[in-house]
Amino acid sequence: DAGVTQSPTHLIKTRGQQVTLRCSPKSGHDTVSWYQQALGQGPQFIFQYYEEEERQRGNFPDRFSGHQFPNYSSELNVNALLLGDSALYLCASSQASGGPFTSTDTQYFGPGTRLTVL
Amino acid sequence: AQRVTQPEKLLSVFKGAPVELKCNYSYSGSPELFWYVQYSRQRLQLLLRHISRESIKGFTADLNKGETSFHLKKPFAQEEDSAMYYCALSVWGGYQKVTFGTGTKLQVIP
Chain A
17 DAGVTQSPTH LIKTRGQQVT LRCSPKSGHD TVSWYQQALG QGPQFIFQYY EEEERQRGNF
77 PDRFSGHQFP NYSSELNVNA LLLGDSALYL CASSQASGGP FTSTDTQYFG PGTRLTVL
Chain B
151 AQRVTQPEKL LSVFKGAPVE LKCNYSYSGS PELFWYVQYS RQRLQLLLRH ISRESIKGFT
211 ADLNKGETSF HLKKPFAQEE DSAMYYCALS VWGGYQKVTF GTGTKLQVIP
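This is the structure:
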């Protein structure tokens with residue numbers, strides 16, 4: 017099992033453009049969460065997908081949207097890019113169906129996609 | 151709303167010295183607390199979680215609900231412990247939401 021994989025590794029865009037980031041969860045996991053990690057900061061929760069629906073959302077504008085596919089993989093889309101969107105975007109997968117305080121809800125992280133907006 | 155505070159951005163200790171990475175949280179319910187670690191050029195990975203009550207790589211952390219703290223401790227630091235450490239809080243409302251602290255860089259001096 018390769019664990020959580022993300023593509024691409026790096027991406028350079030200009031202001032106003034749109035970007036799509038991709039994530040494949042760890043085998044057996046059904047839930048995908050996305051985080052933004054700015055330089056020098058901890059990961060900030062963007063949203064979580066389960067059963068192809070957005071279940072929970074952090075404090076991010078509607079420019080950030082996502083999708084989960086039947087195979088549990090996920091995409092993060094960001095429209096109208098701003099300079100401040102430059103960050104490392106992390107995907108984490110888990111098996112949330114086990115519920116809280118169970119070993120299955122531990123989140124496993126991917127290596128991230130480094131997005132630079134010029 | 152939940153919050154996680156890690157007051158130290160950088161903690162430098164000598165090899166063999168004790169280590170304590172501080173973490174305080176605010177949440178009115180019953181959260182689950184985690185410590186994640188990121189070694190150089192590696193992905194973020196779970197170090198330990200409070201419900202497991204395990205000692206991983208010599209690290210332990212005790213949840214103190216009275217002080218709302220979850221400090222990470224190790225009696226004798228090793229050079230390979232040098233990394234970024236993130237404290238995280240997980241809450242459930244039919245779904246899981248994880249809040250991370252800003253992280254503490256641990257530097258173990260040989």
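Chains A and B are the protein sequences, given in the same order. The first sequence maps to residues 17 to 134 in our numbering. The second sequence maps to residues 151 to 260 in our numbering. Note that beta-carbon positions come from the ideal geometry of N, C-alpha and C, so glycine has one too.
Between the C-alpha atoms of leucine 55 of chain A and cysteine 173 of chain B there is a straight-line separation of about 20 Å.
Cα atoms of glutamine 84 of chain A and serine 102 of chain A: separation of roughly 23 Å, rounded to the nearest angstrom. Judged by DSSP secondary structure, glutamate 182 of chain B falls within the beta strand (DSSP E) whose first and last residues are 182 to 188. Counted as a single uninterrupted DSSP element, the beta strand (DSSP E) harbouring tyrosine 66 of chain A occupies residues 60 to 66.
Not a single C-beta of chain B is nearer than 9 Å to the C-beta of valine 48 of chain A. By the beta-carbon neighbour count (other beta carbons within 10 angstroms, threshold 16), glycine 251 of chain B is buried. A contact is defined here as three or more CB-CB pairs under 8 Å, and the stretch 213 to 228 of chain B fails this definition with respect to the stretch 24 to 43 of chain A. Considering only beta carbons, no part of the stretch 203 to 222 of chain B lies closer than 7 Å to chain A. DSSP, read as helix, strand or coil, puts glutamate 69 of chain A in strand. Our two residues, glutamate 217 of chain B and alanine 233 of chain B, have alpha carbons roughly 26 Å apart in a direct line. Residue A:Gln34 holds the alpha-carbon nearest to the alpha-carbon of leucine 99 of chain A among A:Glu67, A:Gln34, A:Ser43 and A:Ala18. Within the stretch 75 to 94 of chain A, no residue places its CB atom closer than 7 Å to a CB of chain B. Pairing valine 48 of chain A with glycine 166 of chain B, the inter-Cα distance amounts to about 39 Å. Beta bridge pairing from DSSP links leucine 134 of chain A with no other residue. Secondary structure at glycine 100 of chain A: helix, using DSSP grouped into helix, strand and coil. The way I'd put it, the stretch 76 to 94 of chain A doesn't touch the stretch 252 to 260 of chain B; fewer than three beta-carbon pairs between them come closer than 8 Å.
Excluding the 5 residues flanking it on each side, alanine 238 of chain B has same chain C-beta neighbours closer than 8 Å at Val154, Leu183, Phe184, Trp185, Tyr186, Val248, Thr249, Phe250 and Gly251, in chain order. Taking 8 Å as the upper bound on Cβ-Cβ separation, chain B lies near residues Thr47 of the stretch 23 to 48 of chain A.
In the DSSP annotation of this structure, the continuous segment of the beta strand (DSSP E) that includes histidine 83 of chain A starts and ends at 80 to 84. For the options A:Thr30, A:Lys29, A:Arg38 and A:Gly58, the alpha carbon positioned closest to that of glutamine 156 of chain B is the one of A:Gly58. In the DSSP assignment, isoleucine 201 of chain B forms no beta bridge with any residue. In this structure, leucine 92 of chain A lies near leucine 37 of chain A, with their beta-carbon atoms less than 9 Å apart. Per DSSP, serine 176 of chain B is one residue of the beta strand (DSSP E) stretching across 174 to 176.
Against chain B, the beta carbon of serine 110 of chain A has neighbours under 8 Å at Gln246, listed in chain order.
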